[in-house]
Amino acid sequence: MKPSQVNKSWTLLQLKIAENFDMEMPDIKVMLFLIGVQELGKGAQQFSKREKEELMHIATCKLFSAMGFYELKGTDQDGWPHWELVKPIPNYTLLEQELIIKSLMVDYFQEMEVI
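Oh and the sequence shown: position 64 is 65 in our numbering, straight run, nothing missing.
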């Protein structure tokens with residue numbers, strides 16, 4: 002997708018999530034958190050700051066697994082997924098990183114049939 006298409010799809014996704022969760026327009030961090038909660042599969046609950054960071058890491062790994070960078074290795078005794086980096090991620094510019102992650106999020110939520 003071209004950057005303009007990614008940004009248009011991203012904005013539509015933000016609007017849909019804001020509407021579904023009755024919240025303000027979510028930023029990338031909020032979206033990572035939501036994906037992490039979804040991937041953990043335990044539903045909405047209170048998370049510690051450390052757990053929130055882990056959820057965002059889970060989401061990042063899940064998203065980048067679509068590009069072959071991470072592979073799910075399994076879950077621990079508490080049901081938290083663990084990922085392994087299987088090939089190095091190129092040194093993208095900040096703008097490239099942002100566009101890639103937005104694009105991967107749009108793809109993720111399309112697969113989940115949210116948008």
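Heads up, the beta-carbon is just placed ideally off N, CA and C, and yes, glycines get one too.
Do residue j and residue i come within 7 Å of each other at the CB atom, strictly closer than that value?
i	j	result
GLY69	LEU56	no
TYR71	LEU86	yes
LEU100	PRO4	yes
Would you grab the beta carbon distance between residue i and residue j for me? Rounded to a whole angstrom, and I think it's under 8 Å.
i	j	result
MET2	SER104	6 Å
GLU40	PRO82	6 Å
Taking the alpha-carbon positions, what's the residue i to residue j distance?
i	j	result
ILE59	TRP84	8 Å
MET73	VAL115	The amino acid at residue 73 is misidentified as Met; the sequence shows Leu. Between LEU73 and VAL115, the C-alpha separation is close to 23 Å.
GLU112	GLY42	16 Å
GLY16	THR76	Reading off the sequence, residue 16 comes out as Leu, not Gly. Going by the C-alpha atoms only, they are around 32 Å apart.
VAL107	GLN78	31 Å
GLU97	GLU25	25 Å
TRP11	PHE110	10 Å
LEU13	ILE102	15 Å
CYS62	LEU33	10 Å
VAL31	LYS53	10 Å
GLY80	LEU64	19 Å
LYS88	GLN6	28 Å
LYS9	ILE29	15 Å
Taking contact to mean 3 or more Cβ pairs, one atom from each stretch, closer than 8 Å, check whether the segment 40-48 and the segment 13-32 are in contact. Output reads no: the segment 13-32 does not touch the segment 40-48.
Inside the segment 39-102 only - alpha helix (DSSP H) runs reaching at least 4 residues: The segment 39-102 is shown to contain whole alpha helix (DSSP H) runs of 4 or more residues at 50-66, in chain order.
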